[in-house]
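Residue numbers (the working numbering): 7 to 168.
Note that the Cβ used here is the ideal one computed from N, Cα and C, for glycine as well.
Every value quoted in this text rests on a predicted model; they were computed, and no experiment measured them.
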């Protein structure tokens, strides 16, 4: 069963979603990735949200650009945690997407990562799952230690050059 459902409003958003899929797979978490539009396929969005928990999903990531209503629509239809992933647009560089996702009405929370922040969306989903699954929390701790070691090594290399 999938643990993280990933939706995108358009197939063209897949390049933004790929890093989320990659980090989730790296941690051994199953995903289901779909193209579902809040505006063009509202019945499919409703069905996906209504059945996500039954399909074993525990966190949902919704990537969308422009009006970016996908995350809010899905959050309105489920009690699962929803992470909004704003997609960069030509018109406003993604600010339109970001504002559409973060400005949810009271009672419909959508956690939101930065514009084109696919990797962070995947990592946030992992942190949420890590509350329930200690093995994921342990892998995240190792991941953060590896980041720390890389930065420390980069700093040492820089200091040696000065």
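Distance from the CA atom of residue 39 to the CA atom of residue 161, rounded to whole angstroms, is 38 Å. Here residue 73 carries a coil assignment [DSSP, helix/strand/coil].
Looking at the DSSP output, residue 38 bridges to 11. For residue 157, the enclosing alpha helix (DSSP H) has its first and last residue at 140 to 167. Secondary structure of residue 87 (DSSP, three-state): coil.
When rounded, the separation of the alpha-carbon atoms in residue 151 and residue 158 is 10 Å.
Straight across, the Cα-Cα distance linking residue 13 with residue 41 is about 6 Å. Exposure of residue 144 is indicated by the presence of fewer than 16 other C-beta atoms within 10 angstroms of its C-beta. By the Cβ criterion, the segment 97 to 112 is not in contact with the segment 125 to 134, since fewer than three pairs of Cβ atoms, one from each stretch, lie closer than 8 Å. In this structure, residue 90 lies near residue 107, with their beta-carbon atoms less than 9 Å apart.
Assignment of beta-bridge partners to residue 44 by DSSP yields no partner. Secondary structure at residue 108: helix, using DSSP grouped into helix, strand and coil. Distances from the alpha-carbon of residue 96 to those of 163, 71, 165 and 50 put 71 closest. Judged by their CB atoms, residue 76 and residue 43 are nearer to each other than the 9 Å cut-off.
Closest by C-alpha distance to residue 23, out of 86, 115, 93 and 166, is 93.
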